[in-house]
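In the numbering used here, the protein residues as written are 4 to 308.
Heads up, the beta-carbon is just placed ideally off N, CA and C, and yes, glycines get one too.
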Amino acid sequence: MRLSTRSIGVEVPEDFHFWSTVWSSGWCGLAPFSFDEEERTLSRVQRLTSGKIVRATVREERKGLLRIRVESREPLDEADVEEVESVVGTCLRLDEDLSPFFEMIEGYPEFGWVREIGAGRSIRSPTVFEDMVKTISSTNCSWALTRAVTRRLCLRLGEPFSEEDHTFPTPRQVASATEGFIKAEIKAGYRSPYLVELARKIVDEGLDVEAWRNSPLDSVSLKREVMKLRGVGDYAADNILKLLGRYDFLALDSWVRRKFSQIHGKGEAVSDREIEEFYAPFGKWKGLVLWLDMIKEHLVPKGRR
DNA sequence: GCGTCCAGGTCTACC
DNA sequence: GGTAGACCTGGACGC
């Protein structure tokens, strides 16, 4: 198969740091995302509105400029190129203004490293639907299972770019599958009906989850809306709100509880209330501060901690 | 090789 | 409103 290739340069804000953004969550390893740690690239297979399926690979060319390499079986026109730029911008949250957060964190010397390495952003999916499916697939299971379920969803329900790389399925593609199929072939277990139900609410009942990224609702009301969906409990709703750019909640799961205990509790059990109180001073940014606190050793090179 | 445990939780029934 | 038990899968671990 002969591929055509386009190269696109994208200017990014001064406070944007590419690899910190990619490396700040496990999302970069969930299909159809993939990454190369050595080359410091992030890739994604994506179906464009025109129907063309592309693979976009992003790297930082220099400070303030990203380079996107787009591979496609068909030549791309300007509308396709603009859409790729838009998708990359959404995934990297280029439109998210974190300057109030950076101003707030200036007052906390122990978080000086955040500004220094440009931490704060983390990648998300082009659609809220994809983020929700991935979040539901991450509950009560190992990360390995989340990765396997996500990959199988792409391979079995998405559209192929190559044998190994498929797009993430649309709500319509998931809605057309049966619970039995999701259970048997995707192996999502008891979460299977939740995934089909979410997709069918979008397709058949017109639930507009994409509008949540610009919702006028306050975070508490928005969380209540998100939790109306089956399979979305307290943790999942908090995580989805983080992906929507709302950091008012902590998204406490067993990994975070264990990590907090190691960092701040000398390895002893710490209650959720104590964790809440610890991050309360950070107000509406507390979810983001907690997450950065948890992943500091993952982001900051040993000598600079 | 086999059995058990449990992981980046949620739902339902019951009190 | 609080709590116990069930729920899928698959990797890790002990034997």
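### Query
proline 129: buried (16+ other C-beta within 10 angstroms of its C-beta) or exposed?
Proline 129 should be labelled buried.
### Query
What number of angstroms, rounded off, separates the C-alpha of arginine 203 from the C-alpha of lysine 186?
Arginine 203 and lysine 186: Cα-Cα distance of roughly 16 Å.
### Message
What does the alpha-carbon distance come out to for the pair glycine 12 and isoleucine 56?
### Response
Cα to Cα, the separation comes out at about 20 Å.
### Message
Checking 8 Å against the spacing of the C-beta atoms, do arginine 159 and glutamate 188 come in under that value?
### Response
Result yes, Cβ atoms of arginine 159 and glutamate 188 sit closer than 8 Å.
### Task
Find out if the Cβ-Cβ distance for the pair valine 91, leucine 295 is shorter than 8 Å.
Cβ distance not < 8 Å, so valine 91 and leucine 295 don't count as in contact.
### Query
Closest by CA to serine 224, which one among Gly115, Ser165, Phe252?
Closest option to serine 224, Cα to Cα, is Phe252.
### Task
Less than 8 Å between the CB atoms is what I'm expecting for glycine 290 and alanine 239, so what's the real figure, rounded?
Contact doesn't hold; Cβ gap of about 14 Å is too wide.
### Task
Return the chain-ordered list of same chain residues with a C-beta closer than 6 Å to the C-beta of tryptophan 1, the five sequence neighbours on each side being excluded.
Examination of residue 1 is not possible in this model, given that the chain is present from 4 through 308 alone.
### Message
Taking the beta strand (DSSP E) that aspartate 251 belongs to, which residues open and close that run?
### Response
Annotation: aspartate 251 is outside any beta strand (DSSP E) and is labelled neither H nor E by DSSP.
#### Entry: DSSP three-state assignment for aspartate 98, whether helix, strand or coil
Coil, per DSSP.
### Query
Smallest Cα separation from glutamate 167: which of Pro174, Leu302, Ser274, Ser37?
In this structure, Ser37 is the residue among Pro174, Leu302, Ser274, Ser37 with its C-alpha nearest to the C-alpha of glutamate 167.
### Task
Entirely within the segment 82-136 and at least 4 residues each: give me those alpha helix (DSSP H) ranges in chain order.
Segments of the alpha helix (DSSP H) lying fully in the segment 82-136: 102-108, 115-120.
### Query
Using 8 Å as the Cβ pair cut-off and three pairs as the minimum, do the segment 128-146 and the segment 166-180 touch?
As far as the Cβ criterion goes, the segment 128-146 touches the segment 166-180, which means the pair count is three or higher.
### 8 Å Cβ cutoff met for leucine 33 and threonine 138
Leucine 33 is not a Cβ neighbour of threonine 138, given a cutoff of 8 Å.
### Task
Under 8 Å Cβ to Cβ from glutamate 63, same chain only, skipping five residues before and after it: list those, please.
Here glutamate 63 has Phe21, Trp22, Arg43, Leu69, Arg70 as same chain residues with Cβ atoms under 8 Å from its own Cβ, once five neighbours each way along the sequence are excluded.
#### Entry: Proximity below 8 Å, CB of arginine 249 to CB of serine 222
Cβ distance < 8 Å, so arginine 249 and serine 222 count as in contact.
### Task
Report the rounded CA-to-CA distance for arginine 5 versus arginine 233, giving the unit in angstroms.
Here the C-alpha atom of arginine 5 lies approximately 44 Å from the C-alpha atom of arginine 233.
### Task
Report the residue ranges of all beta strand (DSSP E) runs contained in full by the segment 29-56; include only those spanning at least 3 residues, in chain order.
Qualifying beta strand (DSSP E) stretches, in chain order: 36-39, 44-50.
### Task
Would you check if the distance between the CB atom of arginine 124 and the CB atom of phenylalanine 19 is smaller than 8 Å?
Taking 8 Å as the Cβ cut-off, arginine 124 and phenylalanine 19 qualify as a contacting pair.
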